[in-house]
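Heads up: the sequence shown begins at 385 in my numbering, then just goes up one per residue.
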Amino acid sequence: MNFPDVEKLQFAEPYWLLLLLLIPFLLWFQSLKSNKTPSIRFSSLQNISSIRLTGKGRYLWIISLLRFLTIISLIITIARPQLDQSTEFIQSSGVDIVLAIDLSASMLALDMSDNQQGEVTRLDVVKDVIQNFIEKRKYDRIGLIAFSVNPYLVSALTMDKEHLQKNLARLRVGLTHQTGTNIGAALAEGINRLRPLESKSKILILLTDGKDEPPPPNSPLIYADGASKDGVKIYTIAIGTNSRTRTYLFDPSTRDLMRYTNGKPVVQVADYPVDKDILKKISFKTDALFFEAKDKKALSSIYDEIDRLEKTEIELKVNALFKDLFQWPLGFAVFALLLEIVLSRTLFMKIP
Numbered sequence: 385m386n387f388p389d390v391e392k393l394q395f396a397e398p399y400w401l402l403l404l405l406l407i408p409f410l411l412w413f414q415s416l417k418s419n420k421t422p423s424i425r426f427s428s429l430q431n432i433s434s435i436r437l438t439g440k441g442r443y444l445w446i447i448s449l450l451r452f453l454t455i456i457s458l459i460i461t462i463a464r465p466q467l468d469q470s471t472e473f474i475q476s477s478g479v480d481i482v483l484a485i486d487l488s489a490s491m492l493a494l495d496m497s498d499n500q501q502g503e504v505t506r507l508d509v510v511k512d513v514i515q516n517f518i519e520k521r522k523y524d525r526i527g528l529i530a531f532s533v534n535p536y537l538v539s540a541l542t543m544d545k546e547h548l549q550k551n552l553a554r555l556r557v558g559l560t561h562q563t564g565t566n567i568g569a570a571l572a573e574g575i576n577r578l579r580p581l582e583s584k585s586k587i588l589i590l591l592t593d594g595k596d597e598p599p600p601p602n603s604p605l606i607y608a609d610g611a612s613k614d615g616v617k618i619y620t621i622a623i624g625t626n627s628r629t630r631t632y633l634f635d636p637s638t639r640d641l642m643r644y645t646n647g648k649p650v651v652q653v654a655d656y657p658v659d660k661d662i663l664k665k666i667s668f669k670t671d672a673l674f675f676e677a678k679d680k681k682a683l684s685s686i687y688d689e690i691d692r693l694e695k696t697e698i699e700l701k702v703n704a705l706f707k708d709l710f711q712w713p714l715g716f717a718v719f720a721l722l723l724e725i726v727l728s729r730t731l732f733m734k735i736p
């Protein structure tokens with residue numbers, strides 16, 4: 385803490401400082417005890433008439449001083465000293481973002497694996513790239529939606545990036561109890577989260593590797609029209625190299641990977657077609673863009689491009705920011721107490 389910051393010092397619980405009023409009474413009581421003339425019986429004073437106080441006896445007040453400093457420091461500690469930092473200004477893009485992530489069984493496909501990463505699923509790659517995207521959008525509110533047949537709110541819009549990363553890490557196929565794909569339901573959930581907000585820019589990023597299965601009652605384009613009216617942009621990303629690929633198999637009964645008796649996951653070749661046309665139309669209707677990612681590098685580039693496009697710098701004043709300083713008086717109290725104990729048992733030790 386710099387010296388000019390002293391004027392910003394305050395106490396979260398200042399009423400504890402009233403205990404400092406007791407210090408003068410403790411000093412008075414201490415002085416009464418020290419002024420009492422001690423006495424001891426001797427058969428004769430002849431042998432002790434020449435005894436004088438040693439030099440260290442004149443410094444016994446140091447023990448009392450350390451004790452009172454300990455008490456004062458502990459009182460200041462429980463009053464919780466804080467440094468007011470509420471005038472801090474930060475730069476924010478003023479963007480609210482909802483990420484909608486497909487958790488259908490096709491996200492277990494292995495077509496985005498490479499020599500460096502080994503066998504990784506599409507979902508593994510998506511989670512890794514989104515983690516970096518979240519870290520870059522430091523002052524934006526971000527929400528997470530997972531979907532298959534039904535949407536699932538993983539995290540409401542928040543600026544708590546640690547909370548987002550923890551919830552992103554727990555995403556897995558089977559989390560939503562279904563294995564199909566309903567793009568329209570995911571759009572509806574994301575738009576409903578963004579519609580009531582008054583942010584400068586509202587973004588929904590839809591990432592999927594398939595098409596609606598089973599066919600939904602309403603076309604996703606209906607929700608795209610609604611998003612356009614509500615000022616929500618929908619960026620769509622089709623993930624995967626092609627429709628036919630090696631993939632892990634999903635076991636609906638355990639909601640986990642299907643495995644052989646030796647514990648290894650079952651791998652087979654499957655067809656996973658992507659409806660790119662519908663994704664392009666969704667983005668076009670909301671004045672956004674459609675992207676196609678066939679590997680991790682391409683997916684990272686797409687999120688970098690969205691990060692570049694959706695930045696409108698505004699200045700925000702952050703309120704109620706306080707830095708706790710209680711550790712300083714607490715540390716001094718511990719130091720003074722330990723010093724008192726050491727001195728009273730060595731240099732100023734009393735012999736009964």
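Virtual Cβ for every residue (Gly too), placed ideally from N, Cα, C.
All of these numbers come straight from a predicted model, not from anything done at the bench.
Can you check which of these residues, the options, is closest to residue i by C-alpha distance?
i: Lys-392; options: Leu-449, Ile-447, Gln-466, Leu-453; result: Gln-466
i: Val-651; options: Ser-490, Phe-675, Lys-522, Phe-517; result: Ser-490
i: Leu-552; options: Ser-539, Tyr-523, Thr-563, Gly-564; result: Ser-539
i: Ile-529; options: Leu-633, Phe-674, Asp-609, Ile-481; result: Ile-481
i: Arg-554; options: Asp-679, Tyr-536, Ser-457, Thr-461; result: Tyr-536
i: Leu-410; options: Leu-401, Leu-444, Ile-455; result: Ile-455
i: Arg-630; options: Gly-610, Ser-448, Ala-493; result: Ala-493
i: Leu-641; options: Asn-602, Leu-402, Leu-559, Glu-546; result: Leu-559
i: Leu-453; options: Glu-724, Thr-730, Pro-601, Arg-729; result: Glu-724
i: Ser-583; options: Ile-460, Val-479, Asp-512; result: Val-479
i: Gly-624; options: Ser-457, Met-496, Val-557; result: Met-496
Kindly indicate the opening and closing residues of the beta strand (DSSP E) around residue i.
i: Thr-629; result: 628 to 632
i: Ser-585; result: 585 to 592
i: Asp-486; result: 479 to 486
i: Pro-535; result: 535 to 542
i: Val-557; result: Where Val-557 is concerned, there is no enclosing beta strand (DSSP E), given that its DSSP letter is neither H nor E.
i: Asp-655; result: 651 to 655
i: Glu-694; result: Unbroken run through Glu-694: none, as it is neither H nor E.
i: Glu-676; result: 674 to 677
Run through DSSP, which three-state label would residue i get?
i: Pro-600; result: coil
i: Asn-703; result: In this predicted model, Asn-703 has a pLDDT of only 49, less than 50, meaning its place in the structure is not dependable; the value taken from the coordinates is given anyway. Asn-703: coil per DSSP, three-state reduction.
i: Lys-737; result: The structure shown does not extend to residue 737, since the chain is modelled only from 385 to 736, so the question has no answer here.
i: Asp-609; result: helix
i: Arg-451; result: helix
i: Trp-400; result: helix
i: Leu-731; result: coil
i: Asp-688; result: helix
i: Lys-545; result: helix
i: Leu-416; result: helix
Determine the extent of the alpha helix (DSSP H) in which residue i is found, giving its start and end residues.
i: Gln-515; result: 506 to 520
i: Leu-405; result: Neither: Leu-405 is in no alpha helix (DSSP H) and is coded neither H nor E.
i: Phe-668; result: 660 to 669
i: Val-726; result: 711 to 728
i: Glu-573; result: 567 to 578
In the DSSP assignment, what are the bridge partners of residue i?
i: Gln-394; result: Gln-466
i: Gly-527; result: Val-482
i: Arg-643; result: Pro-649
i: Asp-498; result: Gly-502
i: Ala-622; result: Thr-592, Glu-676
i: Ala-493; result: Thr-631
Under the assumption that residue i contacts residue j (Cβ atoms under 8 Å), give the Cβ distance between them as a whole number of angstroms.
i: Thr-509; j: Leu-683; result: A quick correction: the sequence has Val, not Thr, at residue 509. Correct: roughly 6 Å between the Cβ atoms.
i: Asp-486; j: Gly-594; result: 7 Å
i: Asp-691; j: Lys-520; result: 6 Å
i: Leu-548; j: Ala-570; result: Leu-548 to Ala-570, Cβ: 18 Å. No contact.
i: Lys-669; j: Ala-608; result: 4 Å
Distance cutoff 8 Å, beta carbons only. Does residue i sit that close to anything in chain B?
i: Asp-708; result: No chain B is present in this structure, which holds just one protein chain.
Under 7 Å: does the beta carbon of residue i sit that close to some heavy atom of the ligand GTP?
i: Ala-672; result: Of the ligands one can find in the structure shown there are none, so the ligand GTP has no counterpart to examine.
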